[in-house]
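According to this note's numbering, the sequence shown holds residues 9 to 136 in order. We put the CB at the ideal spot given by N, CA and C, even for glycine. Below is one structure; the comments refer to it alone.
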Amino acid sequence: EHATLAEWFSQHRALRLWLFSALATNANESLIVLQNFMVDPLTEHRRLFQMCLAFGVMMQSLAIGLPCGGYVLVVVVLPELHTRRSPSMMAMAVGILAQVVAQLLVQLVDSIKVAGKIRLTLTKGSPD
């Protein structure tokens, strides 16, 4: 399977974009978790920065990761799964499908909530 994935990675820009989009999302989540363990509490400026960063990452995930993930699933993985029904290809197809569904059901809703909090912070000064 390594040779197949290496070939896909070199031939499909959408796969590379999808992986880098997922990397940005994971890095942002790690930063948020790390900030929760900081000794200093989040100031209003840090909280606003954190919300804006999260919103930006969610938007890039929806704008880049979602279409690229759908493309990779439909154009790259499913045809390979149709010709060669290996467990690793099935796992990859299920993983990509789960990620695409989660982006629609979770990140889309969360991005709307975060946008509202940012707007509230900028107009009133406090997201809570």
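For this session: Between the Cα of Asp118 and those of Val82, Trp26, Cys60, Leu42, spot the shortest distance and give me the residue it belongs to.
Result: Within the sequence shown, the letter at position 110 stands for residue 118. Closest by alpha carbon: Cys60.
For this session: Give the C-beta separation of Val85 and Ala71 to the nearest angstrom, bearing in mind that I take them to be a contact with Cβ-Cβ under 8 Å.
Result: The residue given as residue 85 occupies position 77 in the sequence shown. The residue given as residue 71 occupies position 63 in the sequence shown. The pair is not a contact, with the Cβ atoms about 21 Å apart (cut-off 8 Å).
Exercise. So, are the CB atoms of Trp16 and Leu27 less than 8 Å apart?
Worked result: Start at 1 with the first residue of the sequence shown, and residue 16 comes out as number 8. Start at 1 with the first residue of the sequence shown, and residue 27 comes out as number 19. Not a contact, by the Cβ cut-off of 8 Å.
For this session: Over the uninterrupted alpha helix (DSSP H) stretch that includes Leu6, give me the two end residues.
Result: The structure shown does not extend to residue 6, since the chain is modelled only from 9 to 136, so the question has no answer here.
For this session: Alpha carbon to alpha carbon, how far is Ser29 from Phe63? Give it in angstroms, no decimals.
Result: Residue mapping note: residue 63 aligns to position 55 of the sequence shown, counting from 1. Residue mapping note: residue 29 aligns to position 21 of the sequence shown, counting from 1. Rounded to the nearest angstrom, the two C-alpha atoms are 14 Å apart.
Exercise. Between which two residues does the alpha helix (DSSP H) harbouring Leu74 extend?
Worked result: Within the sequence shown, the letter at position 66 stands for residue 74. First-last of the alpha helix (DSSP H) with Leu74: 74 to 79.
For this session: Ignore the nearest five residues each way along the sequence and tell me which others in Ile104's own chain have a CB closer than 7 Å to its CB.
Result: As a first step, residue 104 must be located in the sequence shown, where it is residue number 96. Closer than 7 Å at the Cβ level, and outside the excluded window around Ile104, lie Gly77, Val80, Leu81, Val85.
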